[in-house]
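Chemist: Got a structure for you, written out below as structure tokens; questions coming shortly.
Number of protein chains: 2
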Amino acid sequence: MVTTRPIAASDLDLVCRHREEMFRVSNAPGRTEEILRTMTAAFRDWIAPRLNDGRYFGYIAEDGRAPVAGIGLMIIDWPPHPSHPREDRRGYVLNVFVDPSHRKQGIGRMLMELGEAEIARRGVSFAVLHATRMGQPLYEQLGWARTSEMAKLLP
Amino acid sequence: MVTTRPIAASDLDLVCRHREEMFRVSNAPGRTEEILRTMTAAFRDWIAPRLNDGRYFGYIAEDGRAPVAGIGLMIIDWPPHPSHPREDRRGYVLNVFVDPSHRKQGIGRMLMELGEAEIARRGVSFAVLHATRMGQPLYEQLGWARTSEMAKLLP
């Protein structure tokens, strides 16, 4: 039976593993193992204080006592925008990952519903995420839509 | 003759006007005048301290002494990512606006090139923006590409 609990500071290794695996299976061009390892080491340093003080929060799904999935959440500072004209914050959903052994069981959906509710509970009405190819169909089912964001690696 | 200068704290009204006009001409569904006015009032409160302390920076283009275009820039905190595996910051480009009287003269491109160079000069190698329909062709010419960002208005 799969249950959920809030992320704790002691989940640092687990969160880092979920993020690295998420990017590994997304299989985007140019993401070598060396880049993933470098990213994870830097992410670990970045996330540790945020896990400790609660700026990074979220949920872990467990099958018995074994963690099998996770979702990360943050509230980020953002300029008031026509989609949230009175609010200067956005919810950000990241590091959504379900172990291959536990996919297609609704765990990702359960974590997303918990995450959306927690962002709303904190008084934030607009949220964003970056979808992997694997995650995109679920997010669409839940009412998420593509934005006009563009990016560039600067020379 | 059009020249450029850095944005100053005294440009608060101008930056707010550029942002509101940018969203007005983008003509996205559901953006009423009331929403735009509400957004601009909240944005003004949000941006004023950031203009004062330099967290919001950028350039204004002037024709003689009259401002005719602007670009805003920020460096935002962001988790290390495969696109910037060692860096925990991203550049953010916003409020790009050229007065209707001065379009199709290369002013938007000039401001973007200044902005990209300034972000890179600050040691940040990856930048994002949200494109209006009017801006998207220019950004594509400059090497910007769509991301997988998705958004949801939470119930």
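Residue numbers (my numbering), protein chains in the order written: chain A, 1 to 155; chain B, 1001 to 1155. C-beta atoms are modelled at their ideal positions from N, C-alpha and C, and glycine is treated no differently. Please read all numbers here as calculations on a predicted model, not as lab measurements.
Looking at the C-beta of residue 86 of chain A, does it have a partner C-beta in chain B at a distance below 8 angstroms?
Modeler: yes
Chemist: For residue 59 of chain A, list the residues DSSP reports as bridge partners.
Modeler: A/6 and A/71, per the DSSP bridge assignment.
Chemist: Against residue 1043 of chain B, what residues of chain A qualify as contacts under a CB-to-CB distance less than 7 angstroms, listed in chain order?
Modeler: 79 and 80
Chemist: In chain A, which residues lie less than 7 angstroms from residue 1103 of chain B when you measure between Cβ atoms?
Modeler: Result: empty, since nearest Cβ-Cβ is about 19 angstroms, beyond 7 angstroms.
Chemist: Can a CB atom of chain A be found closer than 8 angstroms to the CB of residue 1012 of chain B?
Modeler: no
Chemist: With a Cβ-Cβ cutoff of 8 angstroms, do residue 1079 of chain B and residue 43 of chain A count as a contact?
Modeler: yes
Chemist: Could you compute how far the alpha carbon of residue 1022 of chain B sits from the alpha carbon of residue 1070 of chain B?
Modeler: 11 angstroms
Chemist: Residues in its own chain within less than 8 angstroms of residue 1004 of chain B by CB, not counting five upstream and five downstream?
Modeler: Annotation for residue 1004 of chain B: 1059, 1060, 1061, 1062, 1110, 1111 and 1114 place their beta carbon closer than 8 angstroms to its own, counting only its chain and skipping 5 residues before and after.
Chemist: Looking only at DSSP bridge pairs, what is residue 1076 of chain B linked to?
Modeler: Per DSSP, B/1090.
Chemist: So with Cβ pairs under 8 angstroms, would you call residue 1025 of chain B a contact of chain A?
Modeler: no
Chemist: Going along chain B, which residues have a C-beta under 7 angstroms from residue 39 of chain A?
Modeler: Ordered by position in chain B, the residues that pass the 7 angstroms Cβ test against residue 39 of chain A are 1080, 1081, 1082 and 1085.
Chemist: Please tell me whether residue 120 of chain A has its Cβ less than 8 angstroms away from any Cβ of chain C.
Modeler: Looking for chain C here will not work: the only protein chains present are A and B.
Chemist: Where do the N-terminal and C-terminal ends of the alpha helix (DSSP H) with residue 81 of chain A fall, by residue?
Modeler: Premise fails: residue 81 of chain A is in no alpha helix (DSSP H) and is neither H nor E.
Chemist: Starting from residue 1145 of chain B, find everything on chain A with Cβ-Cβ shorter than 8 angstroms and list it in chain order.
Modeler: 150, 151 and 152
Chemist: Looking only at its chain, what residues have a beta carbon closer than 8 angstroms to the beta carbon of residue 7 of chain A, apart from the 5 residues adjacent to it on each side?
Modeler: 15, 51, 56, 57, 58, 59, 60, 70 and 72
Chemist: Could you round the C-beta distance between residue 1038 of chain B and residue 86 of chain A to whole angstroms and report it? I think they count as a contact, below 8 angstroms.
Modeler: 6 angstroms
Chemist: Could you name the residues of the same chain whose beta carbon sits closer than 6 angstroms to that of residue 1094 of chain B, not counting the 5 residues immediately before and after it, in chain order?
Modeler: 1072
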